[in-house]
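Notes to accompany the following structure.
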Amino acid sequence: MKERRKLETKVQEKTKELQRWTKALVDPAEFLRDESKYGSWDDAGLPLTFADGSEISKKARKQAIKEMDKHVKDHNEVETRGGESYVQSVEKELHGIQEQLQQVTASSSDED
């Protein structure tokens, strides 16, 4: 049971890590363009207007800059680690842990 809980925790951690690095692969200039709530962007990819055409507030722009800064940091880090191939290695690790979990779960149910 302890081993199963450990593996479940590892699966959760690797899943979060995989989501983070997959998101970080997106080019920073395209990062906020996926959001349907914005209508126009500056050259750096920061939103200028909402989808309805109204100008974004200073507070919303500040929040977008904060999100972009975090994304740029993550993007640079994932690129330093190897980009797409690094993300694939994390995905492979996750699948390995999931297989271990299935084996442990199957063997513990056999014992019942």
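Residue numbering for the sequence shown is 1 to 112, as defined by UniProt numbering.
The C-beta atom is built at its ideal place from N, Cα and C for all residues, glycine as well.
Annotated three-state conformation of glycine 53 is coil, per DSSP. The Cβ-Cβ distance between arginine 4 and serine 109 does not fall below 8 Å. Per the coordinates, the alpha-carbon of glutamine 88 lies some 30 Å from the alpha-carbon of aspartate 43.
Judged by pairs of C-beta atoms under 8 Å, the stretch 61-69 touches the stretch 24-43, as three or more such pairs exist. Around the beta carbon of histidine 75, 16 or more other beta carbons sit within 10 angstroms, so the residue counts as buried. Taking 8 Å as the cut-off, the Cβ atoms of leucine 18 and glutamate 99 do not count as close. Threonine 80 and threonine 9 have their C-alpha atoms spaced approximately 27 Å apart.
Assignment of serine 109 by DSSP, reduced to helix, strand and coil, places it in the helix class.
Boundaries cannot be given for arginine 33, as no alpha helix (DSSP H) includes it and DSSP labels it neither H nor E.
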